[in-house]
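Written below as structure tokens is the structure these notes are about.
In my numbering, the protein residues as written are 10 to 75.
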């Protein structure tokens with residue numbers, strides 16, 4: 010199972026690190042993959058989309074479900 014979000018305001022390596030850290034803290038055991046060129050965040054190992062979305066928002070970004 011994987012969850013995907015498009016995060017258009019994710020623009021640099023710092024953004025990637027911040028989002029990755031926020032998601033892994035909110036959903037321990039989840040794996041986070043980021044494609045900065047497409048602004049896509051993919052989370053595997055969890056079905057808690059609401060929790061993942063909240064973590065990204067709390068980090069200061071605007072995720073949109075894909």
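Beta carbons are placed, not taken as given, at the ideal position from N, Cα and C, and that holds for glycine.
Item	Value
CB contact flag (residue 52, residue 32, <7 Å)	yes
Straight-line gap, residue 61 to residue 10 (C-alpha atoms, nearest Å)	13 Å
Endpoints, the alpha helix (DSSP H) within which residue 29 is located	22-35
Proximity winner among 49, 36, 19, relative to residue 58 (alpha-carbon distances)	36
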